[in-house]
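Read through the structure below, which is laid out as structure tokens, and then see the notes.
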Amino acid sequence: MTAVQHFKRIVFGLSLLGLAAHASAQVQVTDAWVRATVPGQPSSGAFMTVTADSDSKLLSVATPVAKIVQIHEMSMKDDVMRMGEVPSVALPAGKAVKLDPEGYHVMLINLTGQIKEGDQVPLTLTVENAKGEKQSIEINAPARALNAMDHSMMH
Amino acid sequence: MSTLFTRRKVLTGMGLLGLGLLSGCDTSPKLNFKYGKDLSDKIMGRTFRLKNTEGESVTLSSYRGLMPVVFFGFAQCPAVCPTTLARMAQAKKMMGRDGKIMQVIFITLDPERDTPEVLDAYVKAFDPSFQALYGTPEEIAVAAKEFGIFYEKIPTGDSYTLSHTATSFVFDTRGNLRLGLSASLNAKECAEDLLTVMEVC
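Read top to bottom, the protein sequences are chains A and B. Yeah, the first sequence ends on 154 if you go by numbering that gives the first Met the number 0, and it's all consecutive. Yeah, the second sequence ends on 200 if you go by numbering that gives the first Met the number 0, and it's all consecutive.
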């Protein structure tokens with residue numbers, strides 16, 4: 000094997016590795032929705048299920064419909080609902096992480112207008128993998144009625 | 000058996016039944032709820048005075064003859080408040096005709112941001128019969144204290160959100176506190192316990 004062939008092989012191998020790395024940073028977003036608002040209501044929440052196939056974290060969400068977007072965590076203890084902002088949400092490899100009305104959710108604050116049922120709300124998620132590589136995922140989340148029950152309360 | 004006798008029997012029966020109902024109200028302060036907490040021996044939420052979204056002054060006695068279900072929250076609440084209100088709307092439907100005497104009262108814990116207009120549109124999006132009450136921050140604090148409601152502002156950047164007690168408080172039609180419904184219960188469980196409150200008075 001010549002040095003050039005050897006080099007080519009290495010490059011080929013590296014590019015395969017690169018492809019693999021790219022493929023392992025796949026992030027799936029399903030069941031995304033935003034709660035519709037009444038006129039004048041300045042904020043709302045966005046909900047979704049995020050699955051990353053390598054250990055990652057959800058760093059932030061952006062949308063043109065709100066001036067401020069934050070990730071909040073809700074917890075219940077002794078029937079007291081506690082709310083707080085979190086810097087990120089861990090996305091362990093292969094685990095479907097739910098952002099639903101009973102846990103994490105995306106707060107859309109200072110809305111630019113009313114969100115009506117059926118509207119498609121563009122959301123851009125920024126996810127960072129264990130190596131510190133960031134990627135953006137663009138989705139459209141339909142607005143569900145203000146009185147939409149989340150699934151866990153349906154049955 | 001004469002018709003008259005039958006009628007007398009019926010009348011006696013009705014009288015006894017009436018007594019039974021009365022004693023049910025007055026002498027058995029405890030109720031057996033399947034899911035919620037019996038609050039019959041608690042003295043809470045009797046003297047709040049707030050405003051409805053039309054600006055009228057409202058007290059507990061404004062709801063005499065109805066079964067008030069009081070919940071504290073805020074319109075910007077993304078999770079527990081809409082879930083609770085949607086659950087109450089569903090429970091009301093499940094109760095059929097009995098649901099008509101249930102009066103859901105949403106008291107804002109965020110009077111600085113929740114305007115009467117937004118509050119009214121917000122609660123009515125769940126059920127047109129729902130009412131929202133507001134007041135000055137001081138008046139809200141007094142009302143919340145009376146119900147033993149914990150709430151605090153949580154700063155988030157330039158804005159804030161609220162942590163708060165998520166219990167719904169149910170009064171009977173005579174204004175006696177009866178039942179506490181936890182946020183974790185579903186509509187069917189709430190409807191069952193609400194019907195138990197209605198059986199008493």
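Glycine included, C-beta positions come from ideal geometry on N, C-alpha and C. These figures come from a predicted structure and were not determined experimentally.
- request: Quick one: using the 10 Å Cβ neighbour count with 16 as the cut-off for buried, is B:S56 buried or exposed?
  value: exposed
- prompt: Among all the DSSP beta bridges, which residues are the ones paired with B:T155?
  reply: B:S158
message: Buried or exposed for A:R34, going by 16 or more other Cβ atoms inside 10 Å?
response: buried
- prompt: What separation, rounded to the nearest whole angstrom, lies between the Cα atoms of A:I136 and A:V68?
  reply: 16 Å
- prompt: So which residues on chain A does B:I205 lean against when the C-beta distance must stay under 7 Å?
  reply: With chain B represented from 0 up to 200, any question about residue 205 of chain B goes unanswered, as that position is not in the structure.
- prompt: Do you know offhand how far A:T125's Cα is from A:S53's?
  reply: 15 Å
- prompt: Going by Cα to Cα distance, which pick from B:I106, B:P136 and B:E137 is closest to B:V122?
  reply: B:I106
field: Spatial distance of A:L107 from B:V199 (CA atoms)
entry: 44 Å
Where B:S61 sits in the DSSP three-state scheme: helix
message: Below 8 Å on C-beta distance, what does A:E72 contact in chain B?
response: What A:E72 touches in chain B: nothing, since even the nearest Cβ is about 10 Å away.
task: Pull up the DSSP beta-bridge partners for B:Y34, would you.
output: DSSP lists no partner for B:Y34.
query: Can you name the residues that DSSP bridges to A:A142?
result: A:V33
- prompt: Which one or two residues does DSSP pair with A:G83 in a beta bridge?
  reply: A:E72
message: Using only CA atoms, which one of A:V64, A:P91, A:K76 and A:V79 lies nearest to A:E127?
response: A:P91
message: Taking the alpha carbon of A:I114 as the reference point, which residue from A:V28, A:G39 and A:A31 has its own alpha carbon closest?
response: A:G39
field: Inter-residue spacing [alpha-carbon to alpha-carbon] between A:T98 and B:D192
entry: First, the residue type needs correcting, since residue 98 of chain A is Leu and not Thr in the sequence shown. The alpha-carbon atoms of A:L98 and B:D192 are separated by roughly 30 Å.
query: What first and last residue would you give for the beta strand (DSSP E) that runs through A:P121?
result: Q119 to N128
- prompt: How long is the line joining the alpha carbons of A:T29 and B:Y150, rounded to whole angstroms?
  reply: 33 Å
message: So, with DSSP's three-state summary, where would you put B:I148?
response: coil
query: Are the Cβ atoms of A:E84 and B:T155 separated by less than 7 Å?
result: yes
- request: Could you tell me whether the Cβ of B:T107 comes closer than 7 Å to any Cβ of chain A?
  value: no
- prompt: Three-state secondary structure (DSSP) at B:A142?
  reply: helix
Host alpha helix (DSSP H) of B:K123 (start-end): P115 to K123
- prompt: Taking a cut of 7 Å between CB atoms, which residues from the segment 34 to 53 of chain A lie near chain B?
  reply: R34, V37, P38, G39, Q40, P41, S42, S43 and G44
message: Measuring straight from C-alpha to C-alpha, what distance separates B:G147 and B:A74?
response: 20 Å
query: Would a check of beta-carbon distances place A:V79 closer than 7 Å to chain B?
result: yes
message: Per DSSP, what are the beta-bridge partners of B:S167 in this structure?
response: B:F70 and B:L180
- prompt: So which residues on chain B does A:I108 lean against when the C-beta distance must stay under 7 Å?
  reply: S158
query: Per DSSP, what kind of secondary structure is B:L21 in: helix, strand or coil?
result: Because B:L21 sits at a pLDDT of 48, beneath the cut-off of 50, its placement in the model cannot be relied upon, and the following sentence gives the value as read from the coordinates. The answer is helix: DSSP assigns B:L21 an H, G or I state.
message: Judging by CA-CA distance, which residue of A:M82, A:Q25, A:L57 and A:T36 is the nearest neighbour of B:E116?
response: A:T36
Collapsed DSSP secondary structure at A:M148 in the structure displayed: coil
- prompt: If you measure from the CB of A:Q40, is any heavy atom of the ligand ADP nearer than 6 Å?
  reply: This structure simply doesn't include the ligand ADP, nor any ligand for that matter.
- request: Taking A:S87 as the reference, give the member of A:V96, A:M80 and A:V79 with the closest Cα.
  value: A:V96
message: In whole angstroms, give me the CA-to-CA distance for B:G179 and B:I153.
response: 25 Å
message: Taking 7 Å as the threshold (beta carbon to beta carbon), is B:P77 in contact with chain A?
response: yes
message: Would B:F168 pass as an interface residue toward chain A - the criterion being a Cβ-Cβ separation below 7 Å?
response: no
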